[in-house]
Amino acid sequence: MNKQMTEVEQKKEAKKFVESWKGRGYEKGESQSFWLSLLGNVFGVVSPEAYIDFERQVKLDHTSFIDGVINETHVVVEQKSIGKDLRKAIRQSDGSTLTPFQQAKRYSSEMTYDERPRWIVLSNFEEFHIYDMNKPSGEPEVVLLENLPTEYYRLSFLTNQKKDNIRKEEEISIKAGDLVGKLYDGLIEQYHDKTSAESLHSLNLLCVRLVFCMYAEDAGLFGNRDMFYDYLKNYPYNIARQAIIELFEVLNTKPEDRDPYLNADLAQFPYVNGGLFEDKRIEIPQFTEDIYETLLNQASRDFDWSKISPTIFGAVFESTLNPETRRSGGMHYTSIENIHKVIDPLFLNDLKDELEKVRQIGEVTKRNNKLAGFQQKLASLTFLDPACGSGNFLTETYLEIRRLENETIRLNVKKGNKDIEGQVKMLFDEALESESSNPIKVSIAQFYGIEINDFASTVAKTALWIAEAQMLKETEEILYMKLDFLPLKSYANIVTGNSLRMDWNNVVQKSQMRYIMGNPPFLGYSNQDEEQAKDMLTIYADRDGKPYRRAGKIDYVSAWYFKASEYINATQIHCAFVSTNSITQGDQVTPVWKPLFERFGISIDFCYRSFIWTSEAKKKAAVHCVIIGFSSEGRSNKYIYDGDTIPKPATIINPYLLNAPVIFLESRSKPLYPSLKMTTGNRPADGGHLIIENDEYEEFIKKEPDSKKYIKRLVGADEYINNKKRYCLWLVNVSPTQIRSMPEVLKRVSACREDRLKGAADRRKLADTPHLFRETRNPNSYMLIPLTSSENRRYIPFGFFGSDTIPTNAATIIENATLYEFGILISNVHMSWMRAVAGRLEMRYRYSKDIVYNNFPWPEVSEEQKEGIKKSGQMILKARSLYPDSTPADLYNEVLMPKELREAHRLNDKLVMQAYNMPLSGEERVNEEKCVQILFEMYKNKVGE
């Protein structure tokens, strides 16, 4: 358990910690005191000695001990004495030489799978080197002890765990979704036409109303708990339909307009308003005994709806009642944790900091005036989600803004006031006298949304009402007074429509808007339907309405960036969207971002680089996302979050989400710098008929022995990296007579022709040459670069081949490449460039000649430097040849890479960096981030010539 610490308290404790440990630290004698003090004093761990496990035994070929293990947050600590270089290799007791990081990795490999670390932290009492094992080949984050008072948050991963109450809310909300799904499944069978749009709309609205009634009775909004249950239990199941129709009518009628002879059990219900029960045309079917049992007992009596999270439940509810999401596994929603990755850096962190500063004011009158001003500020903020779905971003934002307001109210009526009850009474009396003096200033009227699905819009409004009710309860507890929630206010701020085809100013004038946020649809350009493709060409257009080049080849989410950039131009509005990572990689970057920077002058203010976007869908697909915060005015304090936890300050953030100059790489058919031409391998386009798989080879040769001289090895990315054997019929310059003399070959050629004739026009043309691949590149010597490779490799393995091996279009090739080209391209410099600008397939590297290679800045080298790089390239090949039974996948596994190969690469990296005049040591030492900055500057200077 952790103590709740304010930011001021943590900074103060961090400063004391630094003063205490400055200039001292012995590994064996003081490391435990160091870590116990850090965890207990700076991060508020109540019992740090129970939280961190020191000297945990681990069995290698000898018994060793891990300096520190934090099981709860999956952290391994490797501690060294003060003055020790954390990057320098140290001889181990077994004779091997390992850096502290390699030493810790070796320990972690012997831990059970569940114990293995997400984080490895090296420390020498002066520095913390933080390695994120989700990116094991990445450079460490370095935090200096002296900077801890301002950078303590970068170590927050030591104690940051998902809160139990959030997890509990998730469980309750998902259970609620299950109950709604059960009701839905039963009710839909009772409709005469269960496929009609009218019936489905009625059923959705019926479920929304029933959920509201059950929430209202459990939360006490109806006046008494169990009112809905007590009312309904008086009726048998075959009368339930009529009872519900009558109740809905009463809930929509003001007391003064009701039948004066209304039954008491109905008259006790309050007027709800808000339009929720307004539509009398909805179709309500008969209830079966099973449906009635589910509603009355399982849902109403046995389940407490007041404990649901409106943020989660709104999305779960929508997913439950949406046939598409039900078919795909259902219950897909944005987690609260992920929502906060958007709203925290966008505005919430700043608001919390502002309140904390007010809290620290000692003089009561001044503090209360500041609190009143802060509350007015909260009430003035406006928020828009232009693709709001069931409103989870809006709902969670409302909850957080109201929590801040409630804390403001609590501080105003409690801290420094001797007569708390008198202060509360004063506020209560003011609230009765004037609505403007209501202690609650924040309203759901400040929250705007646009949603194309009318049912999702209804759910969003309901989720906001539930959130409003929950926060009202919290205010009541602070003020010791009862505040009326019903009747609901009719706010038309959730608008149904196509966000991309409406003027957002018609929803809310931009002069009144402050923050825009959300999670627009994830949809690649190849998956867009006709209307969506039309949206893209309409939105991504210049001032004359002409679509930008390649506007039809970018992801759908880009349209929201364009609309937002246009809307916020020359304003103080700040935005943040969740997006698939593809718009920040490869050939989408320029067409997506160039118009936004050059036409609207946007600035990227913060970002989360690629991470997996989690959901509760039963059939999960890993979606790799980024979060991008941007504005027209820009922020001075920019941050990049890499690995979800540690924000790194940046001076500028470019569209590749790097702290580097803003450049837009063009897709080039030829190299920008003088270099050899790179081409794509051969596309078979044969329906598989000209390809002979490894398990077919022997049998085919046995049947057709004369064909052997026409069979060559086939190699693409997978075949090369994993040393898989495949073959193909290579019949270039083979005469028709020769082909006809080999029946098995002729059979395959004929099948290829038939397959091509069934294809599109360009494929049908290939039917004229059914014995050939689409391309027939077969150079005598070439270097092969796999198009797709694991992101866990520090280097993409390249290889040399000759004319006996045919490259496929899963790779690119450079004909007649020398060891010089090999050395440059396989270096850490080129790999840094590749990681920055290449596309990704999920997270795997997606190399391309037009973006990665043809834009790559080559160095100007002397003959001596060129010869040195050639020799180091040869050393890499020689080191590989020492392990002929190992595949490139094995050789380039970060754990398994042989020592000789690693040393050869290090020498090559050193020589290539020297060729670029990149410092290798000292304060100017170039890491990967700085390397990319230098390359971007080189590119910028080149295209500016």
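Here the UniProt record's numbering is used: position 465 in the sequence shown is 465, and no number is missing along the way. Glycine residues also receive a C-beta, built at the ideal position from the N, C-alpha and C atoms. All figures in this text were calculated on a predicted structure; none of them were measured in a lab.
Can you name the start and end residues of the beta strand (DSSP E) that residue i belongs to?
i: residue 77; result: 75-79
i: residue 728; result: 726-729
i: residue 26; result: Premise fails: residue 26 is in no beta strand (DSSP E) and is neither H nor E.
i: residue 141; result: 141-144
i: residue 647; result: 647-650
Could you check what DSSP says for residue i in three-state terms: helix, strand or coil?
i: residue 847; result: coil
i: residue 882; result: coil
i: residue 65; result: strand
i: residue 124; result: coil
i: residue 634; result: coil
i: residue 874; result: helix
i: residue 938; result: helix
i: residue 18; result: helix
i: residue 412; result: helix
i: residue 116; result: coil
i: residue 712; result: strand
i: residue 951; result: Absent from the model: residue 951. The displayed extent of the chain is 1 to 945, so no value can be given.
i: residue 663; result: coil
i: residue 925; result: coil
i: residue 46; result: coil
Would residue i and residue j be called neighbours here (beta carbons separated by less than 8 angstroms)?
i: residue 882; j: residue 900; result: yes
i: residue 334; j: residue 124; result: no
i: residue 740; j: residue 892; result: no
i: residue 179; j: residue 298; result: yes
i: residue 854; j: residue 671; result: yes
i: residue 714; j: residue 727; result: yes
i: residue 593; j: residue 521; result: no
i: residue 461; j: residue 376; result: no
i: residue 690; j: residue 752; result: yes
i: residue 799; j: residue 872; result: no
i: residue 838; j: residue 848; result: yes
i: residue 493; j: residue 445; result: yes
i: residue 469; j: residue 313; result: no
i: residue 384; j: residue 508; result: yes
i: residue 463; j: residue 395; result: yes
i: residue 205; j: residue 295; result: no
i: residue 818; j: residue 878; result: no
To the nearest angstrom, report how far apart residue i and residue j are at their CA atoms.
i: residue 497; j: residue 278; result: 21 angstroms
i: residue 637; j: residue 347; result: 13 angstroms
i: residue 388; j: residue 274; result: 19 angstroms
i: residue 579; j: residue 627; result: 6 angstroms
i: residue 525; j: residue 568; result: 25 angstroms
i: residue 432; j: residue 193; result: Confidence at residue 432 is low in this model, with a pLDDT of 41, below 50, so the placement of that residue should be treated as unreliable; the coordinate-derived value is given next. Straight-line Cα distance between these residues: approximately 51 angstroms.
i: residue 199; j: residue 172; result: 29 angstroms
i: residue 735; j: residue 841; result: 41 angstroms
i: residue 116; j: residue 122; result: 16 angstroms
i: residue 452; j: residue 499; result: 7 angstroms
i: residue 699; j: residue 692; result: 10 angstroms
i: residue 112; j: residue 160; result: 22 angstroms
i: residue 86; j: residue 476; result: 55 angstroms
i: residue 151; j: residue 604; result: 22 angstroms
i: residue 804; j: residue 712; result: 6 angstroms
i: residue 190; j: residue 287; result: 8 angstroms
i: residue 757; j: residue 808; result: 22 angstroms
i: residue 217; j: residue 563; result: 42 angstroms
i: residue 15; j: residue 130; result: 20 angstroms
Would you give the residue range spanned by the alpha helix (DSSP H) that residue i belongs to?
i: residue 201; result: 197-218
i: residue 719; result: 717-721
i: residue 904; result: 899-915
i: residue 290; result: 289-293
i: residue 342; result: 336-343
i: residue 109; result: 100-109
Length-filtered (3 minimum) beta strand (DSSP E) runs lying within the stretch 503-569: The DSSP assignment places complete beta strand (DSSP E) segments of no fewer than 3 residues inside the stretch 503-569 at 515-518, in order along the chain.
Which whole runs of the beta strand (DSSP E) in the stretch 378-411 are 3 residues long or more, in chain order? Considered as a whole, the stretch 378-411 harbours 383-385 as its complete beta strand (DSSP E) runs of no fewer than 3 residues, in chain order.
Considering only residues of the stretch 756-799, which uninterrupted alpha helix (DSSP H) runs meet the minimum length of 4 residues and lie entirely inside it, listed in chain order? Runs of the alpha helix (DSSP H) spanning 4 or more residues and lying entirely within the stretch 756-799 occur at 761-765, in chain order.
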